[in-house]
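Colleague: My questions will all concern the structure given below.
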Amino acid sequence: MFQTHEWRNCVMYQNLLAVDERRHGTILYMPLALSVRDLREIVTERLKIIYSDPLPFTIHIPSDEWIRLQFCPTNATTTRSMHHTGQFNVKFKVQGRLLRKSSDDAHYCAALFRYLREFCIHYKQWTCLISADDKHKVPIGEDVAVSTGVRNRRSMVAQNSTLAAADHDFTKLSITPSVTFFISIPNEISGSFYDGQVFVSYKDATFEPSNAIRHSTEFLNALNIQYAHQMTPPILCLYTDGGPDHRCNYGSVQISLICLFLSGNFDLLIAVRTAPNHSWTNPAERIMSILNLGLQGVALKRD
């Protein structure tokens, strides 16, 4: 039989790392412990501080498996969940990278994007809608192949082969994929804005950095390819994130858009950007998941 003060110390330690003291929520920024064994050692050390070392014979330290069975089950629908007591409001979870920063301009920018889509639907036959964004840098090794940095899963390889990459990710060379997404404009606002033609260009992150004039050149080249056998629409609509190479209130971006407007001989050019830290609303972000599939399990090096 276990004494209540052992469990009380476990509960005290759980409450110690509950949430950020400045927030009122349930979001944790660090785990309670790395493993059941780690939790057992932490609580044991706390007991030694309180009751001195060695511990009194009345205090019994349970095994790792017994402690694990006091947790809430990870999946309550499995048969093994019946063995869990749920005495501790703790379970095993994987860190999810889904937090988003809020912005005071989020509602205003969302309304602008809706107005842009409604405008494109109304003038569909004369409009070209482009969504653009840059993917994160893809590292390239010099003497040894370096992983692309995409979280891997099991891949199919020959039985006697080894799928491997360098044991470090520090590189001098990297490339930046830029996505230009020509959206097929639906007939109504409830239709999908995630269908269309995609163009991807790769740039040396050191000697070909992303800037406004380079993006305008990429847009013009993609337009010439997309409309090689038909007339280019007189109205061009751009939707991008709020980076320094796309921010519409920057003079360099405005000059680049004027160059694109004159070079493409457009009648109207509309440029809208997302709210700060809200690039997830950009339809081009959907293409990044497809690019991740191509980069998964891949290691690159320079010839």
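Anchor point for the sequence shown: position 153 equals 152 in numbering that gives the first Met the number 0, and the numbering is continuous, going up by one each time. In this text, a Cβ means the ideal position worked out from N, Cα and C, and glycines have one as well. Only a predicted model underlies this, so the values are computations on that prediction, with no experimental measurement involved.
Ordered along the chain, which non-local residues of its own chain (more than five positions away) have a Cβ less than 6 Å from that of L294?
Modeller: So the list reads T147 and V149, once near-sequence residues are dropped.
Colleague: Exposed or buried, I49, counting other C-beta atoms within 10 Å across all chains shown (16 or more means buried)?
Modeller: So I49 counts as exposed.
Colleague: Three or more beta-carbon pairs under 8 Å between the stretch 154-163 and the stretch 97-108, yes or no?
Modeller: No, the stretch 154-163 is not in contact with the stretch 97-108.
Colleague: Could you check the C-alpha separation between L290 and P55 for me, to the nearest Å?
Modeller: Approximately 59 Å, taken between the alpha carbons.
Colleague: Could you pull the start and end residues of the alpha helix (DSSP H) that C119 belongs to?
Modeller: First-last of the alpha helix (DSSP H) with C119: A105 to H121.
Colleague: Which residue marks the beginning of the beta strand (DSSP E) containing Q196, and which one marks its end?
Modeller: From DSSP, the beta strand (DSSP E) with Q196 extends over G195 to D203.
Colleague: Leaving aside the five residues before and after Y238 along the sequence, list all residues of the same chain whose C-beta is less than 6 Å from its C-beta, in chain order.
Modeller: Excluding sequence neighbours, Y238 sits near S130 and V271.
Colleague: Quick check on this structure: which residue in E141, S183, N186 and Q94 has the alpha carbon closest to the alpha carbon of K171?
Modeller: Comparing Cα positions, the closest option is E141.
Colleague: On the premise that F180 lies in contact with V197, defined as a C-beta separation below 8 Å, what is that separation, rounded to the nearest angstrom?
Modeller: The pair is a contact, with the Cβ atoms about 5 Å apart (cut-off 8 Å).
Colleague: Whole angstroms is fine: what's the gap from E284's alpha carbon to T78's?
Modeller: Going by the C-alpha atoms only, they are around 40 Å apart.
Colleague: Starting from the C-beta of L267, find all residues in its chain whose C-beta is less than 6 Å away, skip the five residues before and the five after it, and write them out in chain order.
Modeller: These residues qualify, in order along the chain: I234.
Colleague: From the DSSP output, which residues share a beta bridge with L33?
Modeller: L33 is not bridged to any residue.
Colleague: Please check the pair N276 and D132, which I expect to be a contact at CB under 8 Å, by giving their CB distance rounded to whole angstroms.
Modeller: Contact doesn't hold; Cβ gap of about 14 Å is too wide.
Colleague: Can you check which of these residues, R213, I212, W125 and V89, is closest to S183 by C-alpha distance?
Modeller: For the residues R213, I212, W125 and V89, the minimum Cα distance to S183 belongs to W125.
Colleague: Assuming contact is defined by CB atoms lying nearer than 8 Å, are S173 and I139 in contact in what I supplied?
Modeller: Yes, they are a contact pair.
Colleague: Could you check which residue in P208, G263 and V178 has the C-alpha nearest to that of L222?
Modeller: Here the closest residue by C-alpha is G263.
Colleague: Taking one C-beta from the stretch 185-194 and one from the stretch 217-231 each time, how about it: are there three or more such pairs within less than 8 Å?
Modeller: They do not touch, by the three-pair rule.
Colleague: Restricting to Cα atoms, I'd like to know which of L97, H245, Q229 and D63 is closest to R213.
Modeller: When only C-alpha atoms are compared, the closest one is H245.
Colleague: Please look up how many angstroms separate the CB atoms of S177 and S209, rounded, as I've assumed it's under 8 Å.
Modeller: Yes, S177 and S209 are in contact; Cβ-Cβ is about 7 Å, under 8 Å.
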